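Each remark here refers to the structure printed beneath this line.
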Amino acid sequence: MIYRLKKQSDFDKLFKKGKKVYSKSLMMLYFKSESFKIGYSVSKKHGKAVKRNRIKRLLRASAREVFRNFNKNIHVVFLPKVQDFYSFEEYVKDMSFILKKENLK
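Numbering (our numbering), first residue to last: 3 to 107.
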């Protein structure tokens, strides 16, 4: 089960102290914590609310796929880069790439 980051204070901590990792379509912020939680931040640069909500749905579905058997205690936030086209497959590939890059998987 994936627990979501919901508190603004948790997001603020990640944006101030979190380690940044980049891929082609995503940026991941993370730091070690007492539990595993994941959040998503999609800015207004991506478009109107309908498009931003679709991007968040794609990110959540990708995270369910990638973090299925994840057992590290970290807080994570994913920030997508602005693109013309957003795809589930690309997010799954980039999330896996970032986790391998940081030796988290």
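Positions of the beta carbon are idealized from the N, C-alpha and C atoms, including for glycine.
None of these values were measured; they are calculated from a predicted model.
Check: Report yes or no: do three or more beta-carbon pairs, one from the segment 90-99 and one from the segment 18-32, lie closer than 8 Å?; Outcome: yes
Check: Along the chain, where does the alpha helix (DSSP H) containing residue 68 start, and where does it finish?; Outcome: 51-68
Check: Name the DSSP bridge partner or partners of residue 76?; Outcome: 34
Check: Would you list the residues sitting across from residue 4 in a DSSP beta bridge?; Outcome: Paired residue(s): none; residue 4 is not in a bridge.
Check: With a Cβ-Cβ cutoff of 8 Å, do residue 60 and residue 32 count as a contact?; Outcome: no
Check: Which residues in the same chain as residue 94 place their Cβ atom closer than 7 Å to its Cβ, once the five residues preceding and following it in sequence are excluded?; Outcome: 64, 67, 68
Check: Going by C-alpha distance, which of 35, 83, 4, 106 is nearest residue 45?; Outcome: 83
Check: Under a Cβ-count criterion, where at least 16 other Cβ atoms within 10 Å of its own Cβ denotes burial, should residue 52 be classed as buried or exposed?; Outcome: exposed
Check: What separation, rounded to the nearest whole angstrom, lies between the Cα atoms of residue 79 and residue 13?; Outcome: 8 Å
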